[in-house]
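Peer 1: Please find one structure pasted underneath; my questions will follow.
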Amino acid sequence: MPWTTLVAGCAAGTGLLALLAYTTSQALGPNVVALTFLPAVAALAFVPRDPFRPAAQAAPAPAWLTSAGQTLLAVPVLAVTCWGQLRLMDHTAIRPPGVYPLIAELTGWCAVSVAIAAGCDRSRYADLGGAVAAPVSLAIIAITRYVPRIDRLLVTPPGTARAVTIAWYIVAAAALVIGCAALRDRWRRYTRVLRRR
Amino acid sequence: MSMPAAGAGARRGRDAEDGPGLAARADARSPGGARRVALSIARVEAALLARGVLVLAGLVAGGAVVWVFVWPTEPLWWNAAWQIGYGQVILAATVLAAAQLAAGRARRDGMRELYRSFPVSPATRTAGHLAALAGALPASVLLAGAAAILIQARGPIGVPSPWVLAGGPLLVLAAGAAGVAVGTRLSSPLAGILGAMALLIVFTQSGRFGEFSWLFPWTTPAQLGSLPGPLTGYPPGGAHAVELAGLAVLAAVAALPGARGRTRRRMRLGAGILAVAAVCASCLVQLQPVPTAGLIRLFGAGADPVAAEHCTISAQVRYCLYPGFGRLLPAVQAPVRGVLAEVPGRPAQVLTIAQDLSLSDVDQALVHGHSRQHLALWNAELTAGPTGTAAAIYAPVGYWPSTRFALALRTAEWAVRLPLPGNLQTGCVAVDQAREAIAIWLAITATRTSAAWLQAGQNVTAEPGGGFISVAFVRKAPVILWTEPAADYPVTPGGPQTTAVGFLLARAMTSLPSGKVESVLDRAWPTWLNWRTTDAQLAAALGIPVPVVHIPPGLSRPPATGPGVAPPPSALCTS
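Just so you know, the sequences run in chain order X and Y. So that you can map any letter, position 30 of the first sequence is 30 in the numbering used here, and since no number is skipped, the others follow by simple counting. So that you can map any letter, position 125 of the second sequence is 1125 in the numbering used here, and since no number is skipped, the others follow by simple counting.
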C-alpha cells in the first residue's frame, strides 16, 4: 500500500489550502477547494497498482483483492482530507456555500482516477502505473471543467446544483463499474498489430 | 534509458589496471572529459524532452489557454504579452514534471549503484540534465511566437514588451531546473506531479495577494486589460524577468549535488548568493509603487475621458479615443454611421462617442504605497463615472469589438429619443412602444448581427423548457425582457430595459426588405418617436403580425417586496 504517496498527496493539497486560508483575507470558495484536492486525486492514481500482481495471480486468492483492498483503505484518508479542506473553507467564509455539488464532484474525480489507474494497470504502461494514470486523470478533469457543453452538465454554474450532483454521482458509479471490471481482468490488453507482416 | 558511453569508452568490468581503461577513466574525470559527457547526456535528454508526450501535451494545452484568453479580448499588447504567459505556465508545469521524471530515472530504475561505479560524477550527470532543459525552449518559443503572430494579425494597440515575452521561456527554464532539483532527491513520479500542480495552483491564486502577486512566478493582473496604456512599473516586466532568471539559477545550484574541491564549492556558493541577491533585488523593484503622477493621469482620464482623448468630428458625431487607439476609429465609426444613416431625423445636439475605463474598483496592485486620501479620491472618481458631456456614449477600453452591438443599440436608442438613465440608475422599460423595436432593428441592421447570437439562450417567448427568462414588473404587470448580449461589457450609460416583444418584432422586421421598412419609417418618423405609438401600429404599418409572448403562470404576480426579497418595480418610459 503506497501510504507515503497517498499521504503526501493529501497533505500537499491541504497544506496549500491552509496556507492560502491564513495568508489572504479573501474567502476561499468551492473552486479553490476543488483545485487543492487535485494532489490527493493524483496520489490516488498510484494506489490501485499491485507490483506483485503477476505472482499473486498464481495464488489461490483472487489477484484483484490487493488492489481493491488498497483502494478501500485509501477511502477514509481521502474522506478526512476532504473534510479538512471543507472545514478550512468554512473557516474563511462568512456564509459558507452549499457543498453537495462539490462533494459529488470530488467523489467523481476519485472514481475516475481509480478507473484510469486500473485501466493503465491492464495496458502496456502497467510498469509506469500512476505516472501515466495521474496526468491522464488530471487531463480528463480539466476537460470536464473547461470544455463547453460538457461543463454545462458537470460544473456549477452554468449547471444547477442538483443536476451537477446527480451527474457526478452517475459518473462516479460508471467509473467504479469500469474500475472493478479492469481490476478483475486477468490479462493485460495490448493493441493489435494492424499490419500483417 | 541507457546511459550514453560515459567518458571516452569507459567499460564496465574491465581490470582496473588495464591501461586503456585507466586512461578512459582519467579522461572522463578531467574537466574537458566531464564537459563532453555532460553535453552527450544533454543532447540525448534534450531530444527526449523535446519530443516527450508531457511537453507536447503542455504545448497544446498552453496554446489552448492562450487562445481562450487572447481571442475574446481586445488586443492590447501590454495585456496580451502577459496573457501569453498563461500558456507558458501550463508548459512550464509539464516541463517540471518531465524534468523530474528524467532526473529521477536512475533512482527509480535501481541504477544508482551502477552509475556510481562510472568515472563520471553525479554532478556531471545532473549538469547534463540541466543543460538538457534547452530541449524545452523550442516549445516555449514556438508558443510565444505563434501567440504573437495571432495577436499581431488582429491589429493590436501598443507594442509588446520584450521583457514580458522573454519571461515565458525563463519561466519554463526555471520550472525545469526545479524539476531536476526535485528529481535528484525524490524519484517518485508523484513528486514531479505535485510540483507541477503547486505551480498551477499558485498561479491561479496569485491574484489574492495584491501587490505581492508580482512576486509569484506568473500572475493574472486583474485590470491590465482595462488600462489605456501601460504605466511605469505596472507591469514590472524587466524586474520580473530578472527574478525568473535568478530562480532558474537558484534551482540549478540546488539541483547539483555537493561539490568536491574548495574551488567548486566556492563557485557554487557564489552563484547561489548572486542568484538570491538578484531575486531579492528584483522583488524589491517589483514592490515599488506606481508613480503618483501616472495614477493621477490615469484616474483623471477615467473621470473626464473626453479631456484626455483625441477627438474628431464626422457627420455631427464626435469620436474620442485615448492616445494610441486611433486605428480603432473606422471600426468604432462603422456601427454608429450604420445606425444614423437609417434615421430620417436625429436630435439636434452633437453625439459624443468616447472610450472610458471599466475599472469598477481600485486594484491593490495598482495603488499600493499611496496615501489614503489619494485612494479615497480615486475610488470616488471611479464610482462617479465619466462626467461633463451630455449626449455621450462611452465604450470601455479592453472590450472592443464585443461592445460593437451595444454601441449601435445605444446610438439607436439616442436617435429614437429613448431616455438613457445615468450610470447607476436602472433603465425604464419601453413596454409596447414602437420606437424600442425600431432601435433594436437599427442596431441589428447596422451591425449585421445574427438573431441566434442575439437570443443567446434566452427564452424570449417564455415557452416551457426554453432558456432563462428575465422579468420586470411595470405598473404591477409582468413584462418578459430581452437582455442584449455582451451585457457584461458595460457601455455607459446603460440604456432602457428592452422587452422580448420589442426584440421579436425587430427580428421580424429584419426579414422584410430594408427598403420597405425605411419607407414606412420615413413616412411618419415623428409618430414613431412618440412613446404612445404601439408595437401593434408599427406591425400593422409593416404588414406583419405582432409577436405574442405568454407569461408563465408563476410570474403573473409581482413577488412580495422587502429587503433582500425582490428588486423594486421598473418604471415605464414616458419621455
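Quick reminder that beta carbons are idealized off the backbone N, C-alpha and C, glycines included.
1) With a threshold of 16 other CB atoms inside 10 Å of the CB of Cys-10 of chain X, please say whether the residue is buried or exposed.
2) In terms of residues, what are the limits of the beta strand (DSSP E) holding Asp-1356 of chain Y?
3) Taking only the alpha-carbon atoms, compute the straight-line gap between Glu-1342 of chain Y and Ala-1540 of chain Y and give it to the nearest angstrom.
4) Could you list which residues in chain Y have their beta carbon closer than 9 Å to that of Leu-38 of chain X, in chain order?
5) Which residues bound the beta strand (DSSP E) around Trp-1482 of chain Y?
6) Within the same chain, show all residues whose beta-carbon is closer than 8 Å to that of Leu-1170 of chain Y, passing over the 5 residues directly before and after it, in chain order.
7) How should Gly-1345 of chain Y be labelled, buried or exposed, when 16 other C-beta atoms within 10 angstroms of its C-beta is the threshold for buried?
8) Taking a contact to mean a Cβ-Cβ separation below 8 Å, would you say Thr-92 of chain X touches Leu-38 of chain X in this structure?
9) What residue does the beta strand (DSSP E) around Arg-1318 of chain Y start on, and which one ends it?
10) Using a Cβ cut-off of 8 Å, pull out every chain Y residue sitting near Val-71 of chain X, in sequence order please.
11) Decide if Leu-1424 of chain Y is buried, meaning its Cβ has at least 16 other Cβ atoms within 10 Å, or exposed.
12) Does the beta carbon of Val-7 of chain X fall short of 7 Å from some heavy atom of the ligand SAH?
13) Looking only at DSSP bridge pairs, what is Tyr-1234 of chain Y linked to?
14) Which residues mark the beginning and the end of the beta strand (DSSP E) in which Pro-1396 of chain Y is found?
15) By the DSSP assignment, the alpha helix (DSSP H) with Thr-1527 of chain Y in it spans what residues?
16) Can you tell me which of X:Ile-166, X:Ala-139 and X:Ala-163 puts its alpha carbon nearest to the alpha carbon of Val-1060 of chain Y?
17) For Phe-46 of chain X, which residues in chain Y fall below 9 Å Cβ to Cβ?
18) Below 6 Å CB to CB, which residues in the same chain sit around Ser-1470 of chain Y once its five sequence neighbours on both sides are set aside?
19) Does Asp-1015 of chain Y get closer than 8 Å to chain X when you measure Cβ to Cβ?
20) Since Ser-1470 of chain Y is in the beta strand (DSSP E), which residue starts that stretch and which ends it?
21) Any beta carbon of chain Y sitting closer than 8 Å to that of Gln-57 of chain X?
22) For Thr-24 of chain X, return the contacting residues in chain B, with the cut-off set at a CB-CB distance below 7 Å.
23) Smallest Cα separation from Val-132 of chain X: which of X:Ala-142, X:Ala-118, X:Ile-170 and X:Thr-144?
24) Answer yes or no: does any C-beta atom of chain X fall closer than 8 Å to that of Ile-1469 of chain Y?
25) Is any beta-carbon of chain Y found at less than 8 Å from that of Val-32 of chain X?
26) Buried or exposed for Cys-1311 of chain Y, please, with buried defined as at least 16 other CB atoms from any protein chain shown within 10 angstroms of its CB.
27) Applying the 10 Å Cβ sphere with the 16-neighbour rule, what's the burial state of Ile-1041 of chain Y?
28) On the three-state DSSP scale, how would you describe Ser-1570 of chain Y?
29) So, do the segment 1115-1122 of chain Y and the segment 1189-1201 of chain Y have three or more beta carbon pairs nearer to each other than 8 Å?
30) Quick one: which chain Y residues come within Cβ less than 8 Å of Gly-130 of chain X?
31) So, using beta-carbon positions, are Arg-1435 of chain Y and Leu-1529 of chain Y closer together than 8 Å?
32) Pick out whichever of Y:Trp-1378, Y:Gln-1355, Y:Ile-1084 and Y:Trp-1400 has its Cα sitting closest to the Cα of Tyr-1394 of chain Y.
33) Examine chain X for any beta-carbon lying closer than 8 Å to the beta-carbon of Leu-1194 of chain Y, and answer yes or no.
34) Put His-1310 of chain Y into one of helix, strand or coil per three-state DSSP.
Peer 2: Short version:
1) Per the 10 Å Cβ criterion, buried.
2) Counting along the chain, Asp-1356 of chain Y sits inside the beta strand (DSSP E) bounded by residues 1351-1356.
3) Spanning the two alpha carbons is a distance of roughly 20 Å.
4) Within chain Y, the residues placing a beta-carbon under 9 Å from that of Leu-38 of chain X are Met-1197, Leu-1200 and Ile-1201, ordered along the chain.
5) Unbroken beta strand (DSSP E) run through Trp-1482 of chain Y: 1477-1482.
6) Correct list, in chain order: Ala-1241, Leu-1244, Ala-1245 and Ala-1248.
7) In the assembly as shown, Gly-1345 of chain Y is an exposed residue. Its beta-carbon has fewer than 16 other beta-carbons within 10 Å.
8) In this structure, Thr-92 of chain X keeps its C-beta atom at 8 Å or more from the C-beta atom of Leu-38 of chain X.
9) Note, Arg-1318 of chain Y: beta strand (DSSP E), 1317-1321.
10) Note on identity: in this sequence residue 71 of chain X is Thr, with Val being the wrong assignment. The CB of Thr-71 of chain X never comes closer than 8 Å to any CB in chain Y; the least such distance is about 16 Å.
11) Note that Leu-1424 of chain Y scores 48 on pLDDT, short of 50, meaning its location in the model is unreliable; the coordinates nonetheless yield the value given after this. Counting other Cβ atoms within 10 Å of its Cβ, Leu-1424 of chain Y stays below 16 and is therefore classed as exposed.
12) Because no ligand of any kind appears in the structure shown, any question about the ligand SAH cannot be addressed here.
13) According to DSSP, Tyr-1234 of chain Y bridges with Y:Leu-1231.
14) Per DSSP, Pro-1396 of chain Y belongs to the beta strand (DSSP E) from 1392-1396.
15) Segment 1525-1529, the alpha helix (DSSP H) holding Thr-1527 of chain Y.
16) The shortest C-alpha separation from Val-1060 of chain Y is found at X:Ala-139.
17) Per Cβ cutoff of 9 Å: Ser-1188, Pro-1189 and Leu-1190.
18) So the qualifying residues of the chain are Leu-1481 and Thr-1483.
19) Note that Asp-1015 of chain Y scores a pLDDT of 46, beneath 50, so its modelled location is shaky; the value from the coordinates is reported in the next line. Put simply, the CB of Asp-1015 of chain Y is far from chain X, with every gap to its CB atoms at 8 Å or more.
20) Counting along the chain, the beta strand (DSSP E) containing Ser-1470 of chain Y begins and ends at 1470-1474.
21) Judged by the 8 Å Cβ criterion, Gln-57 of chain X is not in contact with chain Y.
22) Annotation note: the requested chain B is absent from the structure, which comprises protein chains X and Y.
23) The candidate whose alpha carbon is nearest that of Val-132 of chain X is X:Ala-118.
24) At a cut-off of 8 Å between beta-carbon atoms, Ile-1469 of chain Y makes no contact with chain X.
25) Residue contact check for Val-32 of chain X against chain Y: a CB pair falls below 8 Å.
26) Classified as exposed, Cys-1311 of chain Y has fewer than 16 neighbouring CB atoms from the shown chains inside 10 Å of its CB.
27) Buried is the call here.
28) DSSP places Ser-1570 of chain Y in strand when its eight states are reduced to three.
29) The segment 1115-1122 of chain Y vs the segment 1189-1201 of chain Y: no contact.
30) Per Cβ cutoff of 8 Å: Pro-1189 and Leu-1190.
31) It is a contact, given that the beta carbons lie within the stated cut-off.
32) Distances from the alpha-carbon of Tyr-1394 of chain Y to those of Y:Trp-1378, Y:Gln-1355, Y:Ile-1084 and Y:Trp-1400 put Y:Gln-1355 closest.
33) Answer yes: the Cβ-Cβ gap between Leu-1194 of chain Y and chain X drops below 8 Å somewhere.
34) Strand at His-1310 of chain Y.
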